[in-house]
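If you read the sequence shown in my numbering, its first letter stands for residue 55, the second for the next number, and so on. Glycine residues also receive a C-beta, built at the ideal position from the N, C-alpha and C atoms. Only one structure is covered here, and it is reproduced in the block below.
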Amino acid sequence: MMSLRFYFCILVLYISITIRTQCRDEICLPKDHVAFFIFGDSVVDDGNNNYINTTTGLQSNFAPYGETFFRYPAGRSSNGRLITDFIAQYAKLPLIPPYLHPGYERFIDGANFASIGAGALDETNQGMVCILSNYVPGILIRNITHLHMNLVACYFK
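Written out as structure tokens, the structure reads:
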């Protein structure tokens, strides 16, 4: 059974995503800003498993994956783009990178938390895939603080 802490983290994440800001400063987001957060398995994983120690059966960073669109193995379980790439394109967002991509901390446009082989339960392929409950608390703390500072800057400027 999920703990109360986990549900609280999900609630805070939901609230932080739905808060809209409006101001004239560059650090604030426009009122109609859209972000895309992706959770799932191989159907929507765009390369998180490339950055964890797992078997090659749970990775897609070799040929022929990605060769049609990207011209190199992109970590997606597809020869080209995923459905999430088309949705991001339709929403006029850049391609959403994997959460574990080194140096990626720009969650303003969203992030992809999907992992090939992941299941609904943490016990599914444990130790070989990205487990959401391992990442959510850290994401919330880091991004809620950043969001709070942006809101303060917007409203008191």
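Checklist entry - Looking at C-alpha atoms only, which residue of Phe-60, Phe-90, Ile-64 and Arg-59 is the closest neighbour of Ile-141? => result Phe-90
Item to check | Residue closest to Asp-100, alpha-carbon to alpha-carbon, out of Asn-133, His-87 and Val-88 | outcome: Asn-133
Checklist entry - Taking just the CA atoms, how far does Asp-95 sit from His-87? => result 26 Å
Next on the checklist: Just to confirm, is the Cβ distance from Leu-154 to Asn-115 under 8 Å?
Outcome noted: no
Item to check | Contacting residues, own chain, Cβ-Cβ under 8 Å from Ala-117 (five flanking each side not counted) | outcome: Pro-127
Next on the checklist: To the nearest angstrom, how far is the alpha carbon of Arg-59 from that of Gly-164?
Outcome noted: 23 Å
Checklist entry - Whose CA, out of Tyr-61, Val-97 and Ile-64, lies closest to the CA of Ile-137? => result Val-97
Next on the checklist: Check this for me: beta carbons of Gly-171 and Pro-152, under 8 Å apart or not?
Outcome noted: no
Checklist entry - Applying the criterion that 16 or more other CB atoms from any shown protein chain within 10 Å of the CB defines a buried residue, is Asp-79 buried or exposed? => result The predicted model places Asp-79 with a pLDDT of 44, which falls under 50 and marks its position as unreliable; any figure quoted below should be read in that light. The residue is exposed, with fewer than 16 neighbouring Cβ atoms inside 10 Å.
Next on the checklist: Let me confirm a value: Ala-145 is counted as buried when at least 16 other C-beta atoms fall within 10 Å, else exposed. Which label applies?
Outcome noted: exposed
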